[in-house]
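Visitor: Here it is: the structure, laid out below.
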Amino acid sequence: MFSNTFPLWPARASSISGPVDALFIFLLMLCGLMCIAIFTAIIVFAVRYRRRPGHEAIPIEGSNAVEFTWTLIPAGVFIIIFVWGAYLYFQERTPPKDSMDVYTVAKQWMWKFQHTEGQREINELHIPIGRDVRVIMTSQDVIHSFYVPAFRIKQDVLPGRYTIAWFRATAAGTYHLFCAEYCGTNHSGMVGDVVVMEPAQYQSWLSGGQAMGSLAQTGQGVFDSLGCSTCHRMDTQGRGPNLMGVYGKPVLLEDGRTVIADENYIRESILNPAVKVVAGFKPIMPTFQGIVSEDQVNALVAYIKSLNPQPVGPAETPTFKGPAASKADTRQR
Amino acid sequence: MATTAVALSERENYLNKEYGITSWLFTTDHKRIALLYLITITFFFFIGGFFALLIRLELLTPEGDLLLADTYNKMFTMHGQVMVFFFLIPAVPAVLGNFLIPIMIGAKDLAFPRVNLLSWYLLAIGGCLMIYTILSGGVDTGWTFYTPLSTHFLDTHVITAALAIFVAGFSSILTGLNFIVTIHRMRAPGMTWSRLPLFVWANYATSIIQVLGTPVLAISLMLVALERIFNLGIFNPQLGGDPLLFQHLFWFYSHPAVYIMILPGMGVVSEIVTCFSRKRIFGYKFMALAVIAIAVLGFLVWAHHMFVAGISLYAAMVFSLLSYFVAVPSAIKVFNWTATMFKGSISYSTPMLYAFGFIGLFTMGGLTGLFVAALGIDVHVTDTYFVIAHFHYIMVGGMVMAYLGGMHFWWPKISGRMYPEFWGRLAAMIIFIGFNLTFFPQFVLGWLGMPRRYWQYSPEFQVLNVLSTAGATILAVGYLLPMLYFLWSMRYGKAAPENPWNGAGLEWKISSPPVTDNFDETPLVTWEAYNYDELPQEVPVGR
Ligand SMILES: [Cu+2]
Ligand SMILES: [Cu+2]
Chain A
8 MFSNTFPLWP
18 ARASSISGPV
28 DALFIFLLML
38 CGLMCIAIFT
48 AIIVFAVRYR
58 RRPGHEAIPI
68 EGSNAVEFTW
78 TLIPAGVFII
88 IFVWGAYLYF
98 QERTPPKDSM
108 DVYTVAKQWM
118 WKFQHTEGQR
128 EINELHIPIG
138 RDVRVIMTSQ
148 DVIHSFYVPA
158 FRIKQDVLPG
168 RYTIAWFRAT
178 AAGTYHLFCA
188 EYCGTNHSGM
198 VGDVVVMEPA
208 QYQSWLSGGQ
218 AMGSLAQTGQ
228 GVFDSLGCST
238 CHRMDTQGRG
248 PNLMGVYGKP
258 VLLEDGRTVI
268 ADENYIRESI
278 LNPAVKVVAG
288 FKPIMPTFQG
298 IVSEDQVNAL
308 VAYIKSLNPQ
318 PVGPAETPTF
328 KGPAASKADT
338 RQR
Chain B
157 MATTAVALSE
167 RENYLNKEYG
177 ITSWLFTTDH
187 KRIALLYLIT
197 ITFFFFIGGF
207 FALLIRLELL
217 TPEGDLLLAD
227 TYNKMFTMHG
237 QVMVFFFLIP
247 AVPAVLGNFL
257 IPIMIGAKDL
267 AFPRVNLLSW
277 YLLAIGGCLM
287 IYTILSGGVD
297 TGWTFYTPLS
307 THFLDTHVIT
317 AALAIFVAGF
327 SSILTGLNFI
337 VTIHRMRAPG
347 MTWSRLPLFV
357 WANYATSIIQ
367 VLGTPVLAIS
377 LMLVALERIF
387 NLGIFNPQLG
397 GDPLLFQHLF
407 WFYSHPAVYI
417 MILPGMGVVS
427 EIVTCFSRKR
437 IFGYKFMALA
447 VIAIAVLGFL
457 VWAHHMFVAG
467 ISLYAAMVFS
477 LLSYFVAVPS
487 AIKVFNWTAT
497 MFKGSISYST
507 PMLYAFGFIG
517 LFTMGGLTGL
527 FVAALGIDVH
537 VTDTYFVIAH
547 FHYIMVGGMV
557 MAYLGGMHFW
567 WPKISGRMYP
577 EFWGRLAAMI
587 IFIGFNLTFF
597 PQFVLGWLGM
607 PRRYWQYSPE
617 FQVLNVLSTA
627 GATILAVGYL
637 LPMLYFLWSM
647 RYGKAAPENP
657 WNGAGLEWKI
667 SSPPVTDNFD
677 ETPLVTWEAY
687 NYDELPQEVP
697 VGR
């Protein structure tokens with residue numbers, strides 16, 4: 008089943024892969040039965056009623072009762088499958104509250120990861136077992152798609168906005184990361200490894216390498232150097248709103264709408280400030296489109312998220328841990 | 157032999173009425189136009205098939221070695237564009253539909269014969285643009301033209317390719333319009349809606365989609381071209397555009413287009429199954445309703461191509477549910493074909509072998525549709541070989557089987573000659589085996605996680621890819637055979653009688669090949685469709 012040269016089933020390495028496989032197996036059995044039923048009927052009819060001397064067709068008109076039966080029964084079964092599939096999807100699309108965040112920038116043709124602790128990796132993503140991980144992704148150019156078959160998750164990565172995938176790895180090992188959306192010449196080369204590690208190993212991986220600030224600290228640096236702090240102050244005197252604690256809270260806009268200040272909102276506020284103007288403020292914030300790189304936007308977002316009176320989770324608090332040279336870790340297959 | 161040949165040439169029919177190239181290029185006879193289409197799409201089928209073979213050869217090994225990455229990307233792009241827009245969409249409607257719809261409803265021609273000719277010219281012009289695109293270096297957007305890749309990141313022949321499809325689209329719109337008007341206005345006395353052959357119903361439903369859907373495709377391709385030329389910000393997020401908007405527009409047409417490609421095939425199978433079982437269709441009303449239901453519901457499911465594209469959670473749920481609704485009428489059709497065989501007198505003639513193949517492969521394609529419509533599973537298998545296998549089971553296993561079945565069924569009528577039955581059955585079997593060997597392994601590959609459009613892949617996928625490539629070579633042989641013996645039969649085939657299968661439709665009540673006006677006098681229809689119980693059971697040709 009899991010042979011390396013002729014596998015028939017993908018590795019199962021996330022909390023959702025078991026449930027997805029369960030529905031898949033259910034569908035295999037259901038559809039297998041349907042196939043057997045239909046094919047048997049066709050073969051039996053074709054043999055039993057084959058054209059031969061002395062055999063004549065017997066006219067049959069059809070029957071409403073039969074038609075309704077084989078309309079309603081499949082419809083009922085389909086609705087069950089729909090609910091089951093939608094239930095899984097709901098889980099796949101709803102990240103748990105205190106997850107650890109990894110920022111991802113996809114570009115032709117590589118994956119760049121930024122850990123909140125400050126580590127950066129290319130085409131390789133190290134994560135611990137048992138931790139809910141949110142991958143917050145954007146693309147620098149065309150649409151890509153983040154796909155880890157062993158986790159049964161896939162999410163397109165779009166330019167100009169964040170999309171989010173989440174998973175909880177359950178088995179240590181190295182798994183394929185594929186780009187699943189055609190993105191030009193080297194689409195099939197836009198692959199990498201997801202390395203799932205035991206928590207202790209992961210901790211030592213985190214502390215390896217030379218020291219460098221956390222992502223939020225990098226963000227703070229960008230925040231100051233771009234002059235964001237001239238308008239956004241930690242009091243109410245600034246020309247722009249105080250950003251302390253804004254993340255995750257509802258924001259009342261000038262046009263009367265209320266939006267939740269999630270990653271996409273913060274991102275948009277930086278790159279397209281005129282689209283959603285906070286109530287009570289003038290649209291004086293300049294756009295930083297073309298001035299900040301995607302990596303810097305991620306750092307800014309991480310910084311603004313870290314500005315929380317009560318930190319949401321350990322991942323968000325600035326810590327002093329260095330990045331690890333990704334080659335230094337032990338690879339497991 | 158010699159006497160039949162003389163007899164054939166003596167009788168005047170649509171083929172020997174006039175000779176010379178202009179008598180074809182300026183014809184308004186729907187039957188001759190059908191043959192123009194036949195030649196055109198056969199040509200494109202083999203071009204698209206050639207690209208497919210190159211793709212399969214490249215995938216024989218995990219490394220990208222036979223072609224360059226860019227060349228490979230062009231191959232799958234143009235394979236898709238050629239097969240979808242220049243073969244599958246016109247295949248049954250423009251060839252068999254053109255030939256048969258007027259005859260089946262007892263008319264002399266389509267409602268607008270000259271528009272019909274124009275439709276063919278549009279397809280031909282689109283085809284020339286496509287050939288130009290291919291010869292001048294090709295295009296590598298993927299047949300889906302996803303933005304912003306297609307608009308800002310490629311410098312291949314995107315605009316000519318888009319234009320080719322744009323022009324061919326108008327051919328499709330005009331054909332659809334022509335069919336709708338013809339079916340409404342030109343039915344012979346007594347040919348009520350409830351007596352229409354299901355082939356006509358299927359093409360009617362298809363025409364509705366063509367007329368309503370194709371303009372949206374034209375618009376989206378035009379926007380791609382405009383964005384490329386004038387650097388507009390419709391899809392480009394840097395200029396405030398939305399790349400997902402393109403996907404919505406594209407799939408708003410291209411999902412229904414899937415039904416443009418399969419509904420006419422369903423119509424063909426209904427004709428074949430009844431004739432070779434000597435039975436009325438089981439549940440006529442439900443079969444007719446089902447095609448209309450598919451055409452209508454087919455417009456409401458486009459975003460099921462976008463479950464991981466970044467649409468909202470609840471939108472995805474609605475589109476998933478609607479996708480299950482559209483599966484219901486498809487299931488009804490399969491059940492009714494099967495029930496039609498019950499207590500029939502079933503022949504194993506070539507067209508029927510194709511119909512068996514169609515039902516089997518369409519069933520598998522449809523059932524795997526239940527997998528991809530299930531949101532939680534689609535997340536894993538979308539954009540992998542699972543989806544490739546799924547839609548090839550429908551498009552190739554379904555539509556191409558039906559198309560070939562129909563070509564064999566009506567070849568005696570079209571050409572006035574019989575094809576060699578032995579070779580017919582052999583080719584049908586080779587195609588069935590080759591098809592399954594090509595595409596079944598792809599389901600496994602997709603479930604394992606091999607993404608589509610990969611030029612090189614991880615070594616553990618190789619065994620399945622080798623199987624698939626082996627199947628593709630068998631399939632290629634299977635497709636060449638009919639072309640060879642059809643050509644052979646035009647000269648050496650036995651002369652076809654008026655009604656070789658003892659079929660019930662109006663097309664079997666006129667000579668083979670038909671005269672230009674189809675009927676000597678307008679027929680009066682007094683019987684229900686598929687009245688096989690009122691026809692003799694023995695059949696002149698075939699068993
Ligand atoms: Cu990519
Ligand atoms: Cu890609």
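Keeping their order, the protein sequence lines are chains A and B. Start counting the first sequence at 8; every next residue gets the next number (my numbering). Start counting the second sequence at 157; every next residue gets the next number (my numbering). Note that beta-carbon positions come from the ideal geometry of N, C-alpha and C, so glycine has one too.
Along the chain, where does the alpha helix (DSSP H) that runs through methionine 241 of chain A open and close?
Guide: Within the first sequence, numbered from 1, the residue matching residue 241 of chain A stands at position 234. Where methionine 241 of chain A is concerned, there is no enclosing alpha helix (DSSP H), given that its DSSP letter is neither H nor E.
Visitor: Does ligand 2 have a heavy atom nearer than 6 Å to the CB of histidine 183 of chain A?
Guide: Translated into the one-based positions of the first sequence, residue 183 of chain A becomes position 176. Histidine 183 of chain A Cβ: outside cutoff for every heavy atom of ligand 2.
Visitor: Looking at the unbroken beta strand (DSSP E) that takes in lysine 114 of chain A, where does it start and where does it end?
Guide: What you label residue 114 of chain A is simply residue 107 of the first sequence in a count that begins at 1. Taken as a continuous stretch (DSSP letters only), the beta strand (DSSP E) holding lysine 114 of chain A covers 107 to 114.
Visitor: Please list the terminal residues of the continuous alpha helix (DSSP H) segment that includes leucine 279 of chain B.
Guide: To locate residue 279 of chain B, count along the second sequence from 1; it is residue 123. Counting along the chain, the alpha helix (DSSP H) containing leucine 279 of chain B begins and ends at 269 to 291.
Visitor: Please state the DSSP three-state secondary structure of phenylalanine 327 of chain A.
Guide: As a working note, residue 327 of chain A is residue 320 in the first sequence. Any reading at phenylalanine 327 of chain A must be qualified, since the residue scores a pLDDT of 34, below 50, and its modelled position is unreliable; no value is offered.
Visitor: Taking a Cβ distance cut-off of 7 Å, strictly less, list which residues of the region 17 to 34 of chain A are near chain B, in chain order.
Guide: If the cut-off is 7 Å between Cβ atoms, the region 17 to 34 of chain A has Pro17, Val27, Leu30, Phe31, Leu34 near chain B.
Visitor: Please give the ranges of any alpha helix (DSSP H) in the region 312 to 363 of chain B, keeping only runs that are unbroken, at least 4 residues long and fully inside the region.
Guide: Segments of the alpha helix (DSSP H) lying fully in the region 312 to 363 of chain B: 314 to 341.
Visitor: Taking beta-carbon pairs under 7 Å, can you tell me which members of the region 295 to 317 of chain A lie near chain B?
Guide: Answer in chain order: no residues at all.
Visitor: Just to confirm my understanding: we take leucine 192 of chain B, look at its own chain, exclude 5 residues before and 5 after, and list those with CB closer than 7 Å. What are they?
Guide: Indexing the second sequence from 1 puts residue 192 of chain B at position 36. Around leucine 192 of chain B: Trp180, Trp276.
Visitor: Does DSSP classify proline 218 of chain B as helix, strand or coil?
Guide: Your numbering for residue 218 of chain B matches position 62 in the second sequence. Note: proline 218 of chain B maps to coil in three-state DSSP.
Visitor: Cβ-heavy atom distance between histidine 194 of chain A and ligand 2 below 6 Å?
Guide: Your numbering for residue 194 of chain A matches position 187 in the first sequence. Within the cutoff, so yes.
Visitor: Against isoleucine 502 of chain B, what residues of chain A qualify as contacts under a CB-to-CB distance less than 9 Å, listed in chain order?
Guide: The sequence position of residue 502 of chain B within the second sequence is 346, counting from 1. Those are Phe52, Ala53, Val54, Arg55, Tyr56, Arg57, Arg58, Ala64, listed as they occur along chain A.
Visitor: Taking DSSP as the reference, what is the three-state secondary structure of serine 300 of chain A?
Guide: Position 293 of the first sequence, counting from 1, holds the residue named residue 300 of chain A. Note: serine 300 of chain A maps to coil in three-state DSSP.
Visitor: Would you check if there are 3 or more beta carbon pairs closer than 8 Å linking the region 123 to 131 of chain A to the region 509 to 521 of chain B?
Guide: No, they do not touch.
Visitor: Between valine 474 of chain B and chain A, is the shortest Cβ-Cβ distance under 7 Å, so that the two count as touching?
Guide: Looking up residue 474 of chain B in the second sequence gives position 318. No, valine 474 of chain B lies away from the interface with chain A (no Cβ there is under 7 Å from its Cβ).
Visitor: Counting only the same chain and skipping the five closest in sequence on each side, list residues whose C-beta sits under 6 Å from that of phenylalanine 547 of chain B.
Guide: As a working note, residue 547 of chain B is residue 391 in the second sequence. Once the five neighbours on either side are set aside, phenylalanine 547 of chain B has no close Cβ partner at all.
Visitor: Is the beta carbon of isoleucine 134 of chain A sitting closer than 7 Å to the one on glutamate 205 of chain A?
Guide: Position 127 of the first sequence, counted from the start, is the residue given in the question as residue 134 of chain A. Position 198 of the first sequence, counted from the start, is the residue given in the question as residue 205 of chain A. No, Cβ-Cβ distance for isoleucine 134 of chain A and glutamate 205 of chain A is not below 7 Å.
Visitor: Counting only Cβ pairs nearer than 8 Å, list the residues of chain B close to aspartate 163 of chain A.
Guide: On the first sequence, position 156 is the one that residue 163 of chain A refers to. Those are Val464, Ala465, Gly466, listed as they occur along chain B.
Visitor: From threonine 338 of chain B to asparagine 254 of chain B, what does the alpha carbon distance come to, in whole angstroms?
Guide: Along the second sequence, one-based indexing puts residue 338 of chain B at 182. Along the second sequence, one-based indexing puts residue 254 of chain B at 98. Roughly 11 Å between the two C-alpha positions.
Visitor: Beta carbon of proline 669 of chain B, beta carbon of asparagine 169 of chain B: below 7 Å?
Guide: Translated into the one-based positions of the second sequence, residue 669 of chain B becomes position 513. Translated into the one-based positions of the second sequence, residue 169 of chain B becomes position 13. Contact: yes.
Visitor: On the premise that glycine 649 of chain B lies in contact with tyrosine 575 of chain B, defined as a C-beta separation below 8 Å, what is that separation, rounded to the nearest angstrom?
Guide: Residue numbering aside, residue 575 of chain B sits at position 419 when the second sequence is read from its first letter. Residue numbering aside, residue 649 of chain B sits at position 493 when the second sequence is read from its first letter. Yes, they are in contact, since the Cβ atoms of tyrosine 575 of chain B and glycine 649 of chain B sit about 6 Å apart, within 8 Å.
Visitor: Which residues mark the beginning and the end of the alpha helix (DSSP H) in which glutamine 210 of chain A is found?
Guide: The residue you call residue 210 of chain A lines up with position 203 of the first sequence. Per DSSP, glutamine 210 of chain A belongs to the alpha helix (DSSP H) from 206 to 214.
Visitor: Would you mind stating whether alanine 20 of chain A and alanine 207 of chain A have Cβ atoms separated by less than 7 Å?
Guide: Taking the first sequence and counting its residues from 1, one reaches residue 20 of chain A at position 13. Taking the first sequence and counting its residues from 1, one reaches residue 207 of chain A at position 200. Not closer than 7 Å, so no.
Visitor: Which value, in whole angstroms, describes the spacing of the CA atoms of isoleucine 43 of chain A and phenylalanine 518 of chain B?
Guide: Numbered from its first residue, the first sequence carries residue 43 of chain A at position 36. Numbered from its first residue, the second sequence carries residue 518 of chain B at position 362. Taking the straight line from one Cα to the other gives about 14 Å.
Visitor: Can you give, in chain order, each stretch of the alpha helix (DSSP H) that sits fully within the region 548 to 594 of chain B and has at least 4 residues?
Guide: Runs of the alpha helix (DSSP H) inside the region 548 to 594 of chain B: 557 to 571.
Visitor: Return no unless some Cβ of chain B is closer than 7 Å to the Cβ of glycine 199 of chain A.
Guide: Stepping through the first sequence from its first residue, residue 199 of chain A is reached at position 192. No, glycine 199 of chain A lies away from the interface with chain B (no Cβ there is under 7 Å from its Cβ).
Visitor: Tell me whether isoleucine 143 of chain A sits in a helix, a strand or coil according to DSSP, three-state version.
Guide: One-based indexing of the first sequence puts residue 143 of chain A at position 136. Here isoleucine 143 of chain A sits in strand by DSSP.
Visitor: Is methionine 197 of chain A near ligand 4 - that is, is its Cβ less than 6 Å away from at least one heavy atom of it?
Guide: As far as ligands go, the structure on display features ligand 1 and ligand 2 and does not contain ligand 4.
Visitor: What residue range is occupied by the uninterrupted beta strand (DSSP E) comprising arginine 175 of chain A?
Guide: In the first sequence, the residue the question calls residue 175 of chain A occupies position 168. Run containing arginine 175 of chain A: 170 to 175, per the beta strand (DSSP E) assignment.
Visitor: Using CA atoms only, rank isn't needed, just tell me which of B:Leu456, B:Gly332, B:Ile315 is closest to proline 246 of chain B.
Guide: Along the second sequence, read from residue 1 onward, the residue named residue 246 of chain B stands at position 90. Selected option, being the one with the closest Cα: B:Gly332.
Visitor: Mind pulling the chain B residues with CB within less than 7 Å of valine 149 of chain A?
Guide: Locating residue 149 of chain A in the first sequence gives position 142, where the first residue counts as 1. By Cβ distance, chain B contributes Pro304, Leu305, Phe309.
Visitor: Which chain A residues are close to glycine 439 of chain B, counting only those with a beta carbon under 7 Å from its beta carbon?
Guide: The sequence position of residue 439 of chain B within the second sequence is 283, counting from 1. Going along chain A in sequence order, the residues near glycine 439 of chain B (Cβ under 7 Å) are Gly69, Glu74.
Visitor: Spell out whether any CB of chain A is found under 7 Å from the CB atom of threonine 312 of chain B.
Guide: Counted from its first residue, the second sequence places residue 312 of chain B at position 156. With 7 Å as the cut-off, threonine 312 of chain B does not count as an interface residue toward chain A.
Visitor: For leucine 184 of chain A, which of helix, strand or coil comes out of DSSP?
Guide: Mapped onto the first sequence, residue 184 of chain A falls at position 177. Leucine 184 of chain A: strand per DSSP, three-state reduction.
Visitor: In chain B, which residues lie less than 7 Å from alanine 342 of chain A when you measure between Cβ atoms?
Guide: Outside the displayed span of chain A (8 to 340) sits residue 342 of chain A, for which this structure offers no information.
Visitor: Does the distance from the C-beta atom of phenylalanine 591 of chain B to that of glycine 553 of chain B stay below 7 Å?
Guide: The sequence position of residue 591 of chain B within the second sequence is 435, counting from 1. The sequence position of residue 553 of chain B within the second sequence is 397, counting from 1. A contact, by the Cβ cut-off of 7 Å.
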